[in-house]
Amino acid sequence: MTVSLCDATDGCHFHGTYGGVVAIGNTTETQKAWLICQALGNVAFAYSYSMILIEIQDTLKSPPPENKSMRKATSVGIGVTTIFYMLSGCVGYAAFGNDAPGNILMGFESYGPYWLIDFANACVVVHLVGAYQVFSQPVYACVEEFVYEGSSGSGFIYKEFVLSLPMDWTYRFNIFQLLWRSAFVVACTLVAMLLPFFNDILGILGALGFWPLTVYYPVEMFIAQMQVRKWTKEWLTLQVVSATCLLISVAAAIGSIEGVIQDLKVYKPFKTILR
């Protein structure tokens with residue numbers, strides 16, 4: 001954000017237009033509408049944490065009550081994330097205007113400072129490695145529980161090996177977990193490399209996860225827990241909110257899929273498209 005701000009204020013000239021991308025070349029109103037829908041999906045992707053909220057809450061100890069701790073943590077997290085996202089979007093657009101790339105760091109590759117860009121990319125890697133572990137653990141647990149239930153005591157599935165390390169340390173590992181988790185990571189990496197449409201993929205993932213996990217499931221749980229009666233004012237309000245978010249998810253999915261279709265026209269395997 002600091003580098004973007006320096007670029008934007010260089011010569012007191014801010015980039016961008018009031019009309020947005022409609023001012024570029026032959027971009028039509030229809031194409032702009034698709035891009036707006038895709039942007040909604042990118043915004044919705046910020047709520048992807050909702051799928052692990054229950055997993056995190058399940059590990060909390062009380063007192064204080066888990067719901068109060070999660071409410072406070074969620075409020076602080078969303079507040080900080082909103083401020084950071086808004087600053088990144090506004091400052092990035094001021095720096096690059098309508099040519100702002102999907103990955104904002106790519107906009108500085110032509111003039112640097114290269115050491116700062118490399119450091120920022122390293123920080124992104126550290127962040128994503130941790131995030132990948134958090135999001136993949138529920139998948140690991142689900143698959144392994146399913147396999148354990150149907151393995152009937154197989155030695156390959158259950159047997160653990162002990163690896164001796166220096167300083168009298170030992171490390172226990174399971175061959176099945178090692179092989180299947182490694183295969184899962186390789187498969188995810190391969191799919192990510194074969195589908196290199198940065199903004200479009202983020203939009204699709206955001207659209208798929210936003211309404212069912214962030215809106216519909218919590219709303220229905222609240223209605224069931226609080227025994228909200230149908231056709232009351234509170235019930236109608238919740239249903240309107242849920243329906244509105246569903247429409248947003250559908251629009252974001254359509255816009256992102258349209259973006260993928262357009263990208264496939266110039267698609268080259270293992271070459272990232274960061275528009």
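In UniProt numbering, the protein residues as written are 1 to 275.
The C-beta atom is built at its ideal place from N, Cα and C for all residues, glycine as well.
Legend entry - DSSP-derived helix/strand/coil call for Asn174: By 1-based counting over the sequence shown, the position of residue 174 is 174. Strand, per DSSP.
Legend entry - Strand pairing of Glu160, partner residues [DSSP]: Against the sequence shown, residue 160 aligns to sequence position 160. In DSSP, Glu160 forms a bridge with Asn174.
Inset, instruction - Can you have a look at Asn199 and say buried or exposed, based on whether 16 or more other CB atoms are within 10 angstroms of its CB? - result: Translated into positions along the sequence shown, residue 199 becomes position 199. Asn199 comes out buried.
Legend entry - Nearest-angstrom Cα separation, counted from Leu236 out to Arg71: Working through the sequence shown from its first residue, we reach residue 71 at position 71. Working through the sequence shown from its first residue, we reach residue 236 at position 236. Cα-Cα distance, rounded: 24 Å.
Legend entry - Phe197 and Asp263 closer than 8 Å at C-beta: What you label residue 197 is simply residue 197 of the sequence shown in a count that begins at 1. What you label residue 263 is simply residue 263 of the sequence shown in a count that begins at 1. Result yes, Cβ atoms of Phe197 and Asp263 sit closer than 8 Å.
Inset, instruction - Give the straight-line distance between the Cα atoms of Ala73 and Asp118, rounded to the nearest whole angstrom. - result: What you label residue 73 is simply residue 73 of the sequence shown in a count that begins at 1. What you label residue 118 is simply residue 118 of the sequence shown in a count that begins at 1. Going from the Cα of Ala73 to the Cα of Asp118 covers about 31 Å.
Inset, instruction - Select from Thr59, Thr244 and Val43 the residue whose C-alpha is nearest the C-alpha of Val134. - result: One-based indexing of the sequence shown puts residue 134 at position 134. Here the closest residue by C-alpha is Thr59.
Inset, instruction - Give the secondary structure of Leu195 by DSSP, where H, G and I count as helix, E and B as strand, and everything else as coil. - result: The residue given as residue 195 occupies position 195 in the sequence shown. In the structure shown, Leu195 sits in coil (DSSP, three-state: anything other than H, G, I, E or B).
Legend entry - Inter-residue Cα distance where the pair is Tyr216 and Met226: Locating residue 216 in the sequence shown gives position 216, where the first residue counts as 1. Locating residue 226 in the sequence shown gives position 226, where the first residue counts as 1. In a straight line, the C-alpha of Tyr216 is about 15 Å away from that of Met226.
Legend entry - Terminal residues of the alpha helix (DSSP H) in which Lys233 lies: Numbered from its first residue, the sequence shown carries residue 233 at position 233. Taken as a continuous stretch (DSSP letters only), the alpha helix (DSSP H) holding Lys233 covers Lys233 to Leu264.
Legend entry - Leu116 in three-state terms, based on DSSP: Residue numbering aside, residue 116 sits at position 116 when the sequence shown is read from its first letter. Reduced to three states, the DSSP call for Leu116 is helix.
Legend entry - Inter-residue Cα distance where the pair is Leu247 and Pro212: To locate residue 247, count along the sequence shown from 1; it is residue 247. To locate residue 212, count along the sequence shown from 1; it is residue 212. Rounded to whole angstroms, Leu247 to Pro212 spans 12 Å at the Cα level.
Inset, instruction - Check each candidate in Val143, Ser242, Lys159 and Gly259 and name the one with the smallest Cα separation from Glu220. - result: Taking the sequence shown and counting its residues from 1, one reaches residue 220 at position 220. Answer by Cα proximity: Ser242.
Legend entry - Ile253 and Leu194 closer than 8 Å at C-beta: For the purposes of this step, residue 253 is taken as the residue at position 253 of the sequence shown. For the purposes of this step, residue 194 is taken as the residue at position 194 of the sequence shown. Strictly speaking, residue 253 in this sequence is Ala, with Ile absent from that position. Taking 8 Å as the Cβ cut-off, Ala253 and Leu194 do not qualify as a contacting pair.
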